[in-house]
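Note sheet for the following structure.
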Amino acid sequence: MERFALTTCIRRVWIMSGWLRQEAAIAAGMLVVQRHQVELRNKEEEGLNVGQQAAPSGGDMGVDSQGRLRRVRLLDDYIVPFECGL
């Protein structure tokens, strides 16, 4: 039984499209992992930078309402942002 040329071409295209789908899925997964690693690295660097800036100035570290680290001054009953001069 002979294969027709059209059937052979369609089969090749179908196989190649499967390969391309797999390659696209792998590439998308790699991008997600890379983005996650960059975000983790940025958070670590940000944490180190903030900690290094606060240490020489003698400020304590606090967290604002948005979850970011900030330098603060502790008074008797109040916590004042470091940027607010007294």
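If you use UniProt numbering, the sequence shown corresponds to residues 1 to 86, in order.
The beta carbon of each residue, even a glycine, is placed where N, CA and C say it ideally should be.
- In this chain, G67 is not harboured by any beta strand (DSSP E), its DSSP state being neither H nor E.
- The beta carbon of D64 lies closer than 7 Å to those of R70 in the same chain, with the five residues before and after it left out.
- If you draw a straight line from the Cα of V38 to the Cα of M61, it comes to about 24 Å.
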